[in-house]
Amino acid sequence: MAQPKSLIINSAFVEPQQHWAENPDRTLRIEPVRRPAGYEIIDTRENTRRQVSIPLVDMIRERVRQWRADGWPGTTAVTLALLQHWWDADQVSRRQYPFYFCQLEAIETLIWHLEAMPEYRQGIYLQGDGGEFERLCNKMATGSGKTTVMAMIITWQVLNALTYPKSPRKYSSTIFLVAPGLTVKSRLQVLMPGHENNYYDQFELCPSEALRQKLNQADILIENWHTLMPLKEQERSVVRKGKESDEAFTRRVLGKLANAKNLVVINDEAHHAYRKPADVKVSKADAEAFGIDLDEATRWVEGLDRIHKTRRIAHCFDLSATPFAPTGRTNTEAGLFTWVVSDFGLNDAIEAGLVKTPRVVVRDDALPDAQTLRPKLYHLYREPDVAEDLNRKAEAHEPLPALVQQAYTLLGADWRATAADWAAQGHLSPPVMLTVCNRTETAARVEHYFTKGHAQWSELHDAAHTLRVDSKVLEKAELGEAAGADKDYDTRLRSIVQAARIVNEGKERWLTTSTKKEEVLRELVDTVGKPDRIGQDLQNVVSVAMLSEGWDAKTVTHIMGLRAFTSQLLCEQVIGRGLRRVAYDIDRETGLYAPEFVNVFGVPLSVAMPPGGDGPAPPPPKPSVQIKSLPERQVYEIKWPNILRVDQVVRPQLEVSWSEVPPLTIDPAKVALHADIAPALGGAADWSQIVTIDLQKLPEEFRLQRLVFKAAQKAFEQLQDQFKGQREYLLFQLVRLVETFLASDKIAIPSLFHQDPLRKRILFSMHMDAIVQHMMGHVVEQNTTRLEAVFDGERPVGSTREMRTWYTTRVAEPTQHSQVSHIVVDSGWEKYAANAAETHTDVAAWVRTTTWVFMCCTCGTAPSASSSRISCCVFVRARPSSSKSKGKTLLKTRRSAAHWISGFRP
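For the working numbering, count along the sequence shown from 1 and bump the result up by 29.
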């Protein structure tokens with residue numbers, strides 16, 4: 030059998046049939062069976078690795094497999110309908126993509142535990158965490174779709190609870206989701222049934238519309254774990270309220286769910302929530318090395334205990350890629366949660382192609398590590414000189430260890446090649462290099478190394494594209510709190526925002542002083558590589574410890590590890606930040622996902638691309654279709670006024686009776702437009718070295734718009750204390766008056782030579798004060814009442830030319846008579862309307878837009894209140910004709926579709 034070209038050897042949609050196993054010589058072989066459940070740990074005393082199996086999960090897998098084959102006996106009618114709909118064996122679902130096998134197995138295992146007939150669960154015993162409520166955990170790798178599984182859990186629980194209300198202890202329609210930070214909390218909003226991008230509709234989780242409507246009755250609360258912290262007692266207070274009671278705590282935390290009982294709790298990234306046994310001693314240093322917060326873990330669980338005491342937790346479902354807790358023993362730094370019921374780990378996800386394949390250093394031309402015989406670049410931090418240097422309190426300007434600089438030169442060379450490839454393909458965002466450091470000082474040194482030009486590759490020198498993540502500030506940002514003052518760091522963050530190549534409207538909020546640096550940092554981290562967001566252009570991210578869960582920057586292509594990695598768990602947590610795929614293309618030869626890669630230095634993964642494995646550079650994100658405005662189709666441009674409302678206002682109006690204004694004469698003979706200069710000594714000049722200063726060679730400095738605003742500013746300074754209206758309105762009127770005056774025949778220049786537009790503008794500039802004084806002598810103020818359209822202050826005129834580029838995976842077809850490249854077709858009517866607009870002889874240009882409400886120009890009716898949100902409309906510019914609608918812009922909505930289209934039928 031030929032060796033596969035990549036590590037992807039299983040389909041993501043069926044149960045894995047084979048797996049990679051490691052040979053004694055560190056090469057890989059294929060075993061023709063599914064990978065047994067298990068994980069790897071490192072014995073720090075003996076410096077050895079060993080596999081730990083999870084026989085209970087293997088046993089559960091076999092029971093669930095048999096239960097599935099028998100038709101899921103014991104389930105309710107609702108659950109059975111859900112399982113049949115999700116597996117979709119007959120392929121009758123309209124779902125665009127089937128669920129991954131790991132997602133189906135995870136939800137199926139939870140249902141099996143609660144609903145399967147007793148004989149299928151005989152002999153299975155789950156050891157809990159020592160608390161009073163039961164916990165069940167799905168171990169699922171990053172990128173395997175945990176959020177979708179949470180949506181399945183909610184669907185299963187809520188629909189059963191509402192259908193069988195007399196079984197409150199088995200099902201619940203009250204769901205409390207706990208997230209590890211604000212980033213994940215924001216991402217989980219898609220689990221709210223009313224969210225515009227909710228997963229229940231996106232993945233068609235309900236088999237019927239009736240069940241989907243019933244799902245809207247769910248009571249769902251999504252909170253950050255920080256809300257589970259007890260209130261601090263006020264030390265200085267006249268009134269002593271005492272410690273917060275369990276009832277008060279519950280009402281504060283649950284809010285709108287405060288009166289509910291028998292809750293279902295879902296813990297996302299549940300490795301943050303565990304009980305620390307009394308005999309376990311974990312030092313603060315060890316906790317920091319593992320990237321864990323002991324206080325967070327205990328407070329999280331203690332808060333749930335208090336809720337269970339007052340309201341009862343019916344079920345608690347945990348999801349995590351790394352559900353481990355520290356054991357306090359030196360030979361086993363982390364122990365698996367004993368309540369894990371399913372396992373789909375990182376290696377399984379790599380073999381199924383659900384994540385990028387990590388490529389690590391397997392060979393170089395330098396001396397290898399004396400102990401492990403691996404290349405030194407494989408685990409940089411193991412080298413004594415590197416670890417010693419990076420562990421000291423060094424200043425930012427001190428050079429990095431030579432080996433680290435060499436590693437950056439090699440990794441940077443590959444990054445440059447990837448960046449060039451992405452740029453050639455027209456991708457907006459560059460690939461991202463992520464560095465994970467051991468301490469703040471190291472991160473500062475890495476940032477200095479790049480931004481001060483010490484790195485080999487100049488493409489990585491740009492400080493505006495380099496983000497150093499201050500872990501303390503980011504931690505506070507995830508909790509919604511403020512960190513200590515740091516003006517230098519604040520300035521650095523805002524300079525990155527200012528340099529982002531996006532429209533100013535997207536920057537304004539993040540540049541204002543009212544926006545805290547914690548919010549700016551969180552937004553930068555969350556938007557790395559995302560088009561039209563402030564993190565779009567970041568290419569170098571330097572972090573202390575690990576970035577928060579939920580960080581899904583798909584543009585990460587290179588990772589540098591500059592810290593200790595004492596367990597495979599820690600390796601997976603760090604690598605997980607860069608494993609999100611950017612596309613899901615199928616390899617035609619294998620029928621499996623095509624591989625994508627992330628190149629890794631310094632992180633000792635156990636499974637990675639084998640020696641000699643070649644592959645293309647990590648591809649840029651490839652959305653199905655790019656929708657954009659085409660400059661070459663300027664002839665099809667459509668403009669419209671962006672009117673917010675129409676007001677009846679009384680305003681002071683500046684008026685000029687132009688017929689009574691005498692001409693202002695400007696004599697060009699008294700104005701020099703250029704000068705020749707030469708070196709001079711003792712009153713004599715060297716005419717052979719003449720240099721000419723010619724204002725006509727600086728046309729940009731004398732643009733008409735600039736002159737108008739300069740004159741209006743001078744006039745504004747004279748009137749601002751006398752004018753009774755708004756200052757902005759005063760400036761607007763003055764601009765209008767100056768434009769009229771400069772374009773009129775009230776300025777006389779007795780010279781044909783100076784009638785040239787540029788020379789005339791230069792003369793205007795040189796006589797600006799005289800022009801302003803002459804005009805202001807004839808300005809009078811009057812009160813006027815008028816209907817006034819209130820335009821969008823930022824974009825008073827909309828245009829198809831200004832449409833932002835966006836991407837879609839929906840059906841999109843190219844256009845011919847529209848400035849927008851494609852039309853997204855959501856229905857047959859839209860397709861029919863597009864065809865009519867493209868082919869009708871009276872349509873000069875058209876564009877499809879969304880969520881606009883207009884009165885029908887054909888029948889004169891407006892949408893009813895129930896249809897005030899129009900899902901689609903077509904914007905048409907008619908060809909000039911002799912009819913009354915000559916030059917008129919027509920807007921047609923779905924309401925008038927039949928009326929409009931009927932006129933286009935042959």
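We put the beta carbon where it would ideally sit given N, CA and C, even for glycine.
For residue j and residue i, believed in contact at Cβ under 8 Å, the rounded distance
i, j, result
"S847", "W875", "5 Å"
"L736", "F782", "The pair is not a contact, with the Cβ atoms about 20 Å apart (cut-off 8 Å)."
"S40", "L621", "6 Å"
"V549", "V532", "Actually they are not in contact, since the Cβ atoms of V549 and V532 sit about 18 Å apart, beyond 8 Å."
"L292", "R340", "6 Å"
"D297", "L234", "About 18 Å separates the two Cβ atoms, so there is no contact after all."
"E859", "R877", "7 Å"
"R474", "V573", "About 12 Å; that fails the 8 Å criterion."
"L702", "I791", "6 Å"
"Q80", "E91", "Contact flag wrong, Cβ pair sits at about 20 Å."
"A299", "S237", "Actually they do not touch by this definition, with Cβ atoms about 32 Å apart."
"H344", "E163", "7 Å"
"N253", "L211", "6 Å"
"M805", "A744", "6 Å"
Segment limits, alpha helix (DSSP H) that includes residue i
i, result
"C235", "Neither: C235 is in no alpha helix (DSSP H) and is coded neither H nor E."
"D798", "797-805"
"Q742", "733-748"
"N944", "With the chain running from 30 to 935 in the structure shown, residue 944 is simply not present."
"L206", "From DSSP, L206 is part of no alpha helix (DSSP H) but of the beta strand (DSSP E) over 203-208."
"V219", "Neither: V219 is in no alpha helix (DSSP H) and is coded neither H nor E."
"W101", "That residue, W101, is in no alpha helix (DSSP H); it is neither H nor E in DSSP."
Residue i and residue j closer than 8 Å at C-beta
i, j, result
"L191", "K261", "no"
"C166", "F42", "no"
"V571", "V461", "no"
"V603", "V627", "no"
"V433", "V415", "yes"
"A289", "D248", "yes"
"L522", "L553", "yes"
"A378", "G590", "no"
"G455", "A170", "no"
"C466", "R281", "no"
"M181", "L220", "no"
"K338", "E625", "no"
"V936", "I667", "Residue 936 lies beyond the range of the chain shown here (30 to 935); nothing can be said about it."
"H477", "A425", "yes"
"L206", "I140", "no"
Boundaries (first-last residue) of the beta strand (DSSP E) holding residue i
i, result
"Q655", "654-656"
"G827", "826-828"
"H344", "342-349"
"H851", "851-853"
"D297", "292-297"
"C669", "One point to set straight first is that residue 669 is Trp, not Cys, in the sequence displayed. First-last of the beta strand (DSSP E) with W669: 668-670."
Local conformation of residue i per DSSP, three classes
i, result
"A118", "coil"
"M88", "helix"
"L36", "coil"
"T880", "Low confidence applies to T880: its pLDDT is 39, below 50, so where it sits in the model is not reliable enough to give any reading."
"G711", "Because the pLDDT at G711 is just 40, under 50, the model does not fix this residue reliably, and the point stays unresolved."
"V107", "helix"
"Y622", "strand"
"Y126", "coil"
"K946", "The structure shown does not extend to residue 946, since the chain is modelled only from 30 to 935, so the question has no answer here."
"Y68", "strand"
"T814", "strand"
"V370", "strand"
"Q80", "strand"
"F793", "helix"
"L365", "strand"
ask   = In chain order, which continuous runs of the beta strand (DSSP E) of length 3 or greater are located wholly inside the stretch 406-465?
value = Qualifying beta strand (DSSP E) stretches: none in this window.
inquiry  = Which complete alpha helix (DSSP H) runs does the stretch 755-784 hold, if anything under 4 residues is left out?
reply    = 756-772
query = For the stretch 517-596, which segments carrying the beta strand (DSSP E) assignment without a break, of at least 3 residues, lie completely within its bounds, in sequence order?
reply = 569-573, 585-591
key: Length-filtered (3 minimum) beta strand (DSSP E) runs lying within the stretch 471-501   = List check, beta strand (DSSP E) in window: 495-498.
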